[in-house]
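Residue numbers (the numbering used here), protein chains in the order written: chain P, 1 to 239; chain Y, 1001 to 1293.
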């Protein structure tokens, strides 16, 4: 669904070409990011984390993919044997997370101001949860905030909004199984809300209902869709 | 058109209650829109028992306002903000952290330390196996020690307290995060290390008293100072050639003396530092050999 014109690849010696989807940044910032990816020790990492967060709140495509570029930068900053050991190499991650926390604290205001920004914020937080791991385990500290966002999206005023339902089911598709492992009772409760919403809420759009039904089946199938369900939801129907 | 039956309504109430409790967040469905901040707090106000009950100010007081001795458990039970708490997802008490950056770093330390412990346990067990002679003479500077204290560690007598291990690891990290350490490990491969001459990182898994451990760390860091970069231009290092080696050596020996980098060191520590400088010519020679070959 994310088709970006003029994709731009980060040049990295070790890994294969990664599309970081940074086209939406202005040229100067793109340059900064590319430098960060090549030589993180040479840039102001606080600034880098700041521009990434700013952009992810504005750009829907980037908000869904920013996790990857963040992961790469974190890996790089930790592997460099810095000649000047200014820090323990976690500067970028720390700044990123703290900035994210500020945005999270202000999420209700953000939601009132702009649904798009709110949805971008949720996508970004979930994407970070997906990509930034601690010793290959998800960050425990992010689990409550992520659930918080999803529970918010499952409230009735959000469910009637197709944009928010779409965001909710996207995140559940991507990180639902990981979240469930981290805290199963909460996931159960979330799905109770979704089930109730689907059954009882009258002002849902038909698309909203469809999305909810699909995610209910998805989880019931162990976070995967059966072939028949896949055909039902995703094949084109010619009238 | 579906209507709320008694059963469904109870279901929703149940959901809401569970959400409020399980999440540990003081939100209810109606309040969601007004709620601005996210907190881990367990709000528990005790309006009664103003004498005995805990308020922010009464945490440390031995007696309540009526003069009676305050029991320790009451403070704990009542509303004092817990210093640590256990969430379903954490493996144990989590200290109150103010921000996600710190929380994740703390998480990482704990997870690193746990991983190290598993590796260490496996290594200790491997040493016990007779065929593994190679492991004993390998680069691992721990193996000689572990042979000495093989019995105690084999019995499982290693430090397992996570808080202790994390604290010790932090102290080790301070030492390893120095330019001196960087230069040291580049210059002296583990195989070439000589006991007593070359600094060795204290083993955080051995049982030591707090004082003993802190002293070991101090001595280790003092020894590492031998590899501090020269006070002058850092460029000096890159441009060094055979002809300049002698000068470099002199520089190092000079800086060893009066302005010792460890102002708090006592006589013992100073002589220790000097011992390691006696090691300097040896390592210089090795460098020469390396350059010549």
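We put the CB at the ideal spot given by N, CA and C, even for glycine.
- Against chain Y, the beta carbon of residue 51 of chain P has no neighbour under 7 Å; the closest one sits roughly 18 Å away.
- DSSP lists no bridge partner for residue 145 of chain P.
- Using beta-carbon distances, residue 100 of chain P counts as an interface residue toward chain Y, with a partner under 8 Å.
- Listed in chain order, the non-local C-beta contacts of residue 176 of chain P below 6 Å within the same chain comprise 223, local neighbours out to five positions each way being set aside.
- The C-alpha of residue 217 of chain P lies about 30 Å from the C-alpha of residue 56 of chain P.
- Taking a cut-off of 8 Å on C-beta distances, the stretch 1166-1174 of chain Y does not touch the stretch 1222-1230 of chain Y, as fewer than three cross pairs fall below it.
- Proximity to residue 1106 of chain Y across Y:1194, Y:1165 and Y:1208 peaks at Y:1165, based on C-alpha coordinates.
- Apart from the 5 residues on each side of it in sequence, residue 147 of chain P sits with its Cβ closer than 6 Å to the Cβ of 186 in its chain, given in chain order.
- Residue-level contact by beta carbon holds for residue 141 of chain P and chain Y, with a gap shorter than 8 Å.
- Pairing residue 1208 of chain Y with residue 212 of chain P, the inter-Cα distance amounts to about 58 Å.
- Residue-level contact check: residue 135 of chain P touches chain Y, since one or more beta carbons of chain Y fall below 8 Å from its beta carbon.
- Under the three-state reduction of DSSP output, residue 21 of chain P falls in the coil class, being neither helix nor strand.
- Secondary structure of residue 40 of chain P (DSSP, three-state): helix.
- The beta carbon of residue 1111 of chain Y falls within 8 Å of a beta carbon belonging to chain P, placing the residue at that interface.
- Under the Cβ criterion of 8 Å, residue 1103 of chain Y is counted among the residues facing chain P.
- With fewer than three CB-CB distances shorter than 8 Å, the stretch 1109-1120 of chain Y does not count as touching the stretch 145-161 of chain P.
- Rounded to whole angstroms, the gap between the alpha carbons of residue 113 of chain P and residue 1205 of chain Y is 53 Å.
- DSSP lists P:133 as the beta-bridge partner residues of residue 138 of chain P.
- Against chain P, the beta carbon of residue 1115 of chain Y has neighbours under 8 Å at 135, listed in chain order.
- The beta-carbon distance between residue 63 of chain P and residue 120 of chain P, rounded to whole angstroms, is 4 Å. This is short enough to meet the 8 Å contact definition.
- By the neighbour-count definition (other C-beta atoms within 10 Å, threshold 16), residue 1196 of chain Y is an exposed residue.
- Inside the stretch 1185-1228 of chain Y, DSSP marks whole alpha helix (DSSP H) runs of 4 or more residues at positions 1210-1224, from first to last along the chain.
- Each residue's CA atom was taken as its position, placing residue 1158 of chain Y and residue 169 of chain P some 47 Å apart.
- Interface flag for residue 1100 of chain Y against chain P is set, since a Cβ pair is found closer than 8 Å.
- For residue 1100 of chain Y against residue 101 of chain P, the beta-carbon gap comes to about 5 Å, under 8 Å, which counts as contact.
- Counting along the chain, residue 1067 of chain Y sits inside no alpha helix (DSSP H), nor does DSSP assign it H or E at all.
- Collapsing the DSSP output to three states places residue 1230 of chain Y in coil.
- Across the structure, residue 1162 of chain Y and residue 1203 of chain Y are spaced so that their CA atoms are roughly 14 Å apart.
- DSSP places residue 1157 of chain Y outside both helix and strand once states are collapsed to three, so it counts as coil.
- Under the Cβ criterion of 8 Å, residue 1108 of chain Y is counted among the residues facing chain P.
- Following the DSSP letters along the chain, one finds residue 188 of chain P inside the alpha helix (DSSP H) bounded by residues 184-200.
- Short of 8 Å from the beta carbon of residue 60 of chain P, and not among the five residues preceding or following it, lie these beta carbons of its own chain, in chain order: 116, 119, 120 and 123.
- Looking only at P:40, P:194 and P:105, the smallest Cα-Cα distance to residue 145 of chain P is reached by P:105.
- By alpha-carbon distance to residue 24 of chain P, the top candidate from P:195, P:43, P:99 and P:66 is P:66.
- Within the same chain, Cβ atoms closer than 6 Å to the Cβ of residue 29 of chain P are found at 51, the five residues on either side in sequence being excluded.
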